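Novice:
There are 2 protein chains.
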Amino acid sequence: MTRRLDLSHSKRHHDLTMPTSTVEDYLKQLYLEQQSASADLVPMGKLASAMGVVPGTATSMVKALADSGLVTYEPRSGARLTKGGEQLALHVLRRHRLVELFLVKILGLDWSEVHDEAEELEHAISEKVLDRIDALLDYPRVDPHGDPIPPAKGKMPGTRQFSLLDCDLNAPLRVARVIDQGPAFLQFVHRSGLSIGTPLTVESRDPQAAAVSIAVAGKPPVALGTEAASKIFVEAV
Amino acid sequence: MTRRLDLSHSKRHHDLTMPTSTVEDYLKQLYLEQQSASADLVPMGKLASAMGVVPGTATSMVKALADSGLVTYEPRSGARLTKGGEQLALHVLRRHRLVELFLVKILGLDWSEVHDEAEELEHAISEKVLDRIDALLDYPRVDPHGDPIPPAKGKMPGTRQFSLLDCDLNAPLRVARVIDQGPAFLQFVHRSGLSIGTPLTVESRDPQAAAVSIAVAGKPPVALGTEAASKIFVEAV
DNA sequence: TCTGCAATTTTGATTAGTCAAAATCATGTT
DNA sequence: AACATGATTTTGACTAATCAAAATTGCAGA
Numbered sequence: 066m067t068r069r070l071d072l073s074h075s076k077r078h079h080d081l082t083m084p085t086s087t088v089e090d091y092l093k094q095l096y097l098e099q100q101s102a103s104a105d106l107v108p109m110g111k112l113a114s115a116m117g118v119v120p121g122t123a124t125s126m127v128k129a130l131a132d133s134g135l136v137t138y139e140p141r142s143g144a145r146l147t148k149g150g151e152q153l154a155l156h157v158l159r160r161h162r163l164v165e166l167f168l169v170k171i172l173g174l175d176w177s178e179v180h181d182e183a184e185e186l187e188h189a190i191s192e193k194v195l196d197r198i199d200a201l202l203d204y205p206r207v208d209p210h211g212d213p214i215p216p217a218k219g220k221m222p223g224t225r226q227f228s229l230l231d232c233d234l235n236a237p238l239r240v241a242r243v244i245d246q247g248p249a250f251l252q253f254v255h256r257s258g259l260s261i262g263t264p265l266t267v268e269s270r271d272p273q274a275a276a277v278s279i280a281v282a283g284k285p286p287v288a289l290g291t292e293a294a295s296k297i298f299v300e301a302v
Numbered sequence: 066m067t068r069r070l071d072l073s074h075s076k077r078h079h080d081l082t083m084p085t086s087t088v089e090d091y092l093k094q095l096y097l098e099q100q101s102a103s104a105d106l107v108p109m110g111k112l113a114s115a116m117g118v119v120p121g122t123a124t125s126m127v128k129a130l131a132d133s134g135l136v137t138y139e140p141r142s143g144a145r146l147t148k149g150g151e152q153l154a155l156h157v158l159r160r161h162r163l164v165e166l167f168l169v170k171i172l173g174l175d176w177s178e179v180h181d182e183a184e185e186l187e188h189a190i191s192e193k194v195l196d197r198i199d200a201l202l203d204y205p206r207v208d209p210h211g212d213p214i215p216p217a218k219g220k221m222p223g224t225r226q227f228s229l230l231d232c233d234l235n236a237p238l239r240v241a242r243v244i245d246q247g248p249a250f251l252q253f254v255h256r257s258g259l260s261i262g263t264p265l266t267v268e269s270r271d272p273q274a275a276a277v278s279i280a281v282a283g284k285p286p287v288a289l290g291t292e293a294a295s296k297i298f299v300e301a302v
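Note that the protein sequences, when read in sequence, are chains A and B. The opening position of the first sequence corresponds to residue 66 in the working numbering, with each subsequent residue numbered one higher. The opening position of the second sequence corresponds to residue 66 in the working numbering, with each subsequent residue numbered one higher.
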């Protein structure tokens, strides 16, 4: 067994060393998973595939995270971020999203390609640099995909957003957020004229056809499959 | 022994996988060491202390680098970058220095604190982002310390620079470069009014006193010890 | 030539992260 | 209640990077 006998007199975890970028990634993923998949206990399978590792790896990583007090781990059911873990996750997310916005606004990259760039940068950026970027962008609250940027301190603002599958029919709405960050999907969204901020209404939803019909002012209606529709979020205007 | 028997049929090294950031750091350091310490064969001791590791670590790392064809290694004397290793080193240096300049010019950080920031960022930045930064800065050739920025392709420009110990006396000169990147030294340089670009002349050099006397237009002369003087480079105006 | 020291290399361990594959478990059928 | 099945956990191995400490070596000076 590898249950290394912790020589540190202590009974308390809380490893005050800077988290590795791998740890940051796990925490971030755990947070995102907790958000979307209503169940707040993330199963190892989900986590593993989100991280692109085999399940065993996720298990052992989560156990380590539990040892440092960042998550609670319930064997055979899943893991949940602790208060501390969540803070760290939000911090990482903040870096990620500010960097994305920076890449688009200041360096002029395309919003469909910034996700991967930010994935790297988010671990290399210091607090000081982050603050400068925040200021340079004039303290934004959402990133280029419409995802909210966690504030430096304080809770995430609760917005009333619904996917195209859940929102009201024929009500004036606006595209607020696109969940899938894959370049292909983002480009499709762009082609369909559904960028963040675009006003629209949902004309109809047909469970049988598994499709929704979207009306964007002036243009012919667009049909989306439920798959795609579930990844686009809107809010009331 | 750990002489892992290379199963790969090949007799040629050249590992086409992306170098780890540790490897990048070793190459960069090797390059810098080769530049300054005239001897182009860098001894393990030098490298180890530059990298902040024990000598044994440097030895084994260099052997690995030699296996991938990035350096040539002569046991008990030292290592030298190969053509390929040098290219990679220059690439890293280019990233480092462009990032530094970016941090100063665009984000408004102080030139004395930018070095450590860049140390992290240089490994996380993609080619595309680097190009944008390069353009945004209008293709600069020197970083905030006066160090030349290696061009994307092509050789480093050969400038005629001398340290305050080697340059002509009473000739019109300009501060071109400061070697020591420690915040303390950089702040001292700044206090003494010797920022990059400042015009000056060297009035006298006294080997006995181990000091040189610098005249900056309008101000009273400044005396520098040889230690400090050797770290400030000037070029003819 | 012989010695002694300082630099270098070896050896053996350790840590973080990972995979492959075998062992366990929890459940929803029959 | 007995199983089959799919998810989870274990085990054992491996790589990159590192350190501590012991073993080598190359020379400079007596």
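We treat Cβ as the ideally placed atom computed from N, Cα and C, and that holds for glycine. On a predicted model such as this, the values are computed, not experimentally measured, just so you know.
1) Exposed or buried, which one is glycine 308 of chain A when buried takes at least 16 other CB atoms within 10 Å?
2) So what's isoleucine 244 of chain A in DSSP terms, helix, strand or just coil?
3) Which of helix, strand or coil does DSSP assign to glycine 219 of chain B?
4) Which of the three DSSP states is assigned to alanine 301 of chain B in this structure?
5) Would you mind sorting valine 119 of chain B into buried or exposed? The rule is 16 or more other CB atoms within 10 Å of its CB.
6) Quick check: proline 237 of chain A and threonine 263 of chain A, are their CB atoms within less than 8 angstroms of each other?
7) Identify, in the order they occur along the chain, each residue of the same chain with its Cβ nearer than 8 angstroms to the Cβ of glutamine 99 of chain B, setting aside the five sequence neighbours on each side.
8) Quick test of your reading: phenylalanine 298 of chain A and glutamine 226 of chain A, contact by CB under 8 angstroms. State the CB separation rounded to the nearest angstrom.
9) Look at the Cβ atom of serine 177 of chain B, then the Cβ atom of proline 248 of chain B, and state whether they are nearer than 8 angstroms.
10) Give a yes or no on whether the minimum CB-CB distance between histidine 74 of chain A and chain B is below 8 angstroms.
11) Would you call aspartate 233 of chain B buried or exposed, if buried means 16 or more other Cβ atoms sit within 10 Å of its Cβ?
12) Check whether the Cβ of leucine 259 of chain A lies closer than 8 angstroms to any Cβ atom in chain B.
13) Using 10 angstroms around the beta-carbon of alanine 301 of chain A, count the other beta-carbons present and answer buried if the total reaches 16, otherwise exposed.
14) Can you give me the Cβ contacts of methionine 116 of chain A inside the same chain, cut-off strictly under 6 angstroms, excluding the 5 residues immediately before and after it?
15) Straight-line CA distance for tyrosine 91 of chain B to valine 277 of chain A?
16) If we count the other Cβ atoms within 10 Å of its Cβ and call it buried at 16 or more, is glutamate 292 of chain B buried or exposed?
17) Identify whether aspartate 199 of chain A lies in helix, strand or coil by the three-state DSSP scheme.
18) According to DSSP, simplified to helix, strand and coil, what is glycine 258 of chain B?
19) Would leucine 174 of chain B pass as an interface residue toward chain A - the criterion being a Cβ-Cβ separation below 8 angstroms?
20) Could you tell me the alpha carbon to alpha carbon distance between arginine 242 of chain A and leucine 289 of chain B, rounded to whole angstroms?
21) Quick check on DSSP: helix, strand or coil for arginine 162 of chain A?
22) Report the three-state DSSP secondary structure of threonine 67 of chain A (helix, strand or coil).
23) Terminal residues of the continuous beta strand (DSSP E) containing tyrosine 138 of chain B?
24) Out of curiosity, what's the CA-to-CA distance linking leucine 158 of chain A and lysine 284 of chain B?
25) Candidates A:His156, A:Met109 and A:Leu251: which alpha carbon is nearest threonine 137 of chain A's?
26) Mind checking whether glutamate 165 of chain B and alanine 183 of chain B have CB atoms under 8 angstroms apart?
27) Please name the residues in the segment 179-211 of chain A whose beta-carbon is closer than 8 angstroms to at least one beta-carbon of chain B, in chain order.
28) Identify the contact partners of leucine 168 of chain A in chain B, using a Cβ-Cβ distance below 9 angstroms as the criterion.
29) Could you tell me how far apart the beta carbons of aspartate 161 of chain A and glutamine 246 of chain A are, in whole angstroms, since I believe they sit closer than 8 angstroms?
30) CA-CA distance, proline 84 of chain B and glycine 211 of chain B?
31) Give the secondary structure of threonine 85 of chain B by DSSP, where H, G and I count as helix, E and B as strand, and everything else as coil.
32) Helix, strand or coil for serine 101 of chain A per DSSP?
33) Pull up the distance between the alpha-carbon of histidine 156 of chain A and that of alanine 113 of chain A, whole angstroms please.
34) Enumerate in chain order the residues of its own chain whose CB-to-CB distance from serine 142 of chain A is below 8 angstroms, with the five nearest sequence positions on each side excluded.
35) Within 10 Å of its beta-carbon, does threonine 67 of chain B have 16 or more other beta-carbons around it, so buried, or fewer, so exposed?
36) My assumption, with CB atoms under 8 angstroms, is that leucine 130 of chain A sits in contact with leucine 153 of chain A. Please give the rounded CB distance.
Specialist: Reading it off the structure:
1) Not covered by the structure: residue 308 of chain A. The range shown for chain A is 66 to 302.
2) In the first sequence, the residue the question calls residue 244 of chain A occupies position 179. Isoleucine 244 of chain A: coil per DSSP, three-state reduction.
3) Position 154 of the second sequence, counting from 1, holds the residue named residue 219 of chain B. Correct three-state label for glycine 219 of chain B: coil.
4) For the purposes of this step, residue 301 of chain B is taken as residue 236 along the second sequence, with counting starting at 1. In this structure, alanine 301 of chain B counts as strand in the three-state DSSP scheme.
5) On the second sequence, residue 119 of chain B is found 54 positions in, with the first residue counted as 1. Classified as exposed, valine 119 of chain B has fewer than 16 neighbouring CB atoms from the shown chains inside 10 Å of its CB.
6) Taking the first residue of the first sequence as 1, we reach residue 237 of chain A at position 172. Taking the first residue of the first sequence as 1, we reach residue 263 of chain A at position 198. Taking C-beta atoms as the reference points, proline 237 of chain A and threonine 263 of chain A fail to come closer than 8 angstroms.
7) On the second sequence, position 34 is the one that residue 99 of chain B refers to. Beyond the five residues adjoining it in sequence on each side, glutamine 99 of chain B comes within less than 8 angstroms, by CB distance, of Asp105, Val107, Arg145 and Leu146 in the same chain, given in chain order.
8) Your numbering for residue 298 of chain A matches position 233 in the first sequence. Your numbering for residue 226 of chain A matches position 161 in the first sequence. Contact between phenylalanine 298 of chain A and glutamine 226 of chain A holds: their C-beta atoms lie close to 5 angstroms from each other, under 8 angstroms.
9) Sequence index remark: in the second sequence, residue 177 of chain B carries index 112 (1-based). Sequence index remark: in the second sequence, residue 248 of chain B carries index 183 (1-based). Yes. Within cutoff.
10) Against the first sequence, residue 74 of chain A aligns to sequence position 9. Because the pLDDT at histidine 74 of chain A is just 47, under 50, the model does not fix this residue reliably, and the point stays unresolved.
11) Counting from 1 along the second sequence, the entry for residue 233 of chain B is found at position 168. Around the beta carbon of aspartate 233 of chain B, a 10 Å sphere encloses fewer than 16 other beta carbons of the protein chains shown; the residue is thus reported as exposed.
12) As a first step, residue 259 of chain A is located in the first sequence; it is residue number 194 there, counting from the start. Not one chain B Cβ lies under 8 angstroms of leucine 259 of chain A.
13) For the purposes of this step, residue 301 of chain A is taken as residue 236 along the first sequence, with counting starting at 1. Counting the other CB atoms within 10 Å of its CB gives alanine 301 of chain A a total below 16, which places it among the exposed residues.
14) Along the first sequence, read from residue 1 onward, the residue named residue 116 of chain A stands at position 51. Around methionine 116 of chain A: Gln94.
15) Locating residue 91 of chain B in the second sequence gives position 26, where the first residue counts as 1. Locating residue 277 of chain A in the first sequence gives position 212, where the first residue counts as 1. The straight-line gap from Cα to Cα measures roughly 56 angstroms.
16) Along the second sequence, read from residue 1 onward, the residue named residue 292 of chain B stands at position 227. Burial call: exposed.
17) The count along the first sequence starts at 1 and reaches residue 199 of chain A at position 134. DSSP places aspartate 199 of chain A in helix when its eight states are reduced to three.
18) Translated into positions along the second sequence, residue 258 of chain B becomes position 193. Glycine 258 of chain B: coil per DSSP, three-state reduction.
19) Sequence index remark: in the second sequence, residue 174 of chain B carries index 109 (1-based). It does: the Cβ of leucine 174 of chain B has a partner Cβ on chain A nearer than 8 angstroms.
20) Here the question's residue 242 of chain A lines up with position 177 in the first sequence. Here the question's residue 289 of chain B lines up with position 224 in the second sequence. In this structure, the alpha-carbon of arginine 242 of chain A lies about 60 angstroms from that of leucine 289 of chain B.
21) Position 97 of the first sequence holds residue 162 of chain A. Helix.
22) Looking up residue 67 of chain A in the first sequence gives position 2. Legend: pLDDT at threonine 67 of chain A = 36, less than 50; position of this residue unreliable, value from coordinates given subsequently. Reduced to three states, the DSSP call for threonine 67 of chain A is coil.
23) Position 73 of the second sequence, counting from 1, holds the residue named residue 138 of chain B. Start and end: 136-139.
24) Taking the first sequence and counting its residues from 1, the one referred to as residue 158 of chain A is at position 93. Taking the second sequence and counting its residues from 1, the one referred to as residue 284 of chain B is at position 219. In this model, leucine 158 of chain A and lysine 284 of chain B are separated by some 51 angstroms (Cα to Cα).
25) Residue 137 of chain A sits at position 72 when you count from the first residue of the first sequence. It is A:Met109 whose Cα lies nearest to the Cα of threonine 137 of chain A.
26) Here residue 165 of chain B corresponds to residue number 100 of the second sequence, with the count starting at 1. Here residue 183 of chain B corresponds to residue number 118 of the second sequence, with the count starting at 1. Cβ distance < 8 angstroms, so glutamate 165 of chain B and alanine 183 of chain B count as in contact.
27) Under the 8 angstroms Cβ criterion, the segment 179-211 of chain A contributes Glu182, Glu185, Leu186, His188, Ala189, Ile190, Ser191, Lys193, Val194, Arg197, Ile198 and Leu201.
28) Residue mapping note: residue 168 of chain A aligns to position 103 of the first sequence, counting from 1. By Cβ distance, chain B contributes Val194 and Arg197.
29) As a working mapping, residue 161 of chain A is identified with position 96 in the first sequence. As a working mapping, residue 246 of chain A is identified with position 181 in the first sequence. Note that residue 161 of chain A is histidine in the sequence shown, not aspartate. About 10 angstroms separates the Cβ atoms of histidine 161 of chain A and glutamine 246 of chain A, ruling out a contact at the 8 angstroms cut-off.
30) Taking the second sequence and counting its residues from 1, one reaches residue 84 of chain B at position 19. Taking the second sequence and counting its residues from 1, one reaches residue 211 of chain B at position 146. Cα to Cα, proline 84 of chain B sits roughly 28 angstroms from glycine 211 of chain B.
31) As a first step, residue 85 of chain B must be located in the second sequence, where it is residue number 20. Of the three classes helix, strand and coil, the one that applies to threonine 85 of chain B here is coil, per DSSP.
32) Indexing the first sequence from 1 puts residue 101 of chain A at position 36. In the structure shown, serine 101 of chain A sits in a helix (DSSP, three-state: H, G or I).
33) Along the first sequence, read from residue 1 onward, the residue named residue 156 of chain A stands at position 91. Along the first sequence, read from residue 1 onward, the residue named residue 113 of chain A stands at position 48. Taking the straight line from one Cα to the other gives about 22 angstroms.
34) Here the question's residue 142 of chain A lines up with position 77 in the first sequence. Closer than 8 angstroms at Cβ, skipping near neighbours: Leu106 and Pro108.
35) As a working note, residue 67 of chain B is residue 2 in the second sequence. Note that threonine 67 of chain B scores a pLDDT of 37, beneath 50, so its modelled location is shaky and nothing firm can be said.
36) As a position in the first sequence, residue 130 of chain A is number 65, starting the count at 1. As a position in the first sequence, residue 153 of chain A is number 88, starting the count at 1. The distance from the Cβ of leucine 130 of chain A to that of leucine 153 of chain A is about 10 angstroms, inconsistent with a contact at the 8 angstroms cut-off.
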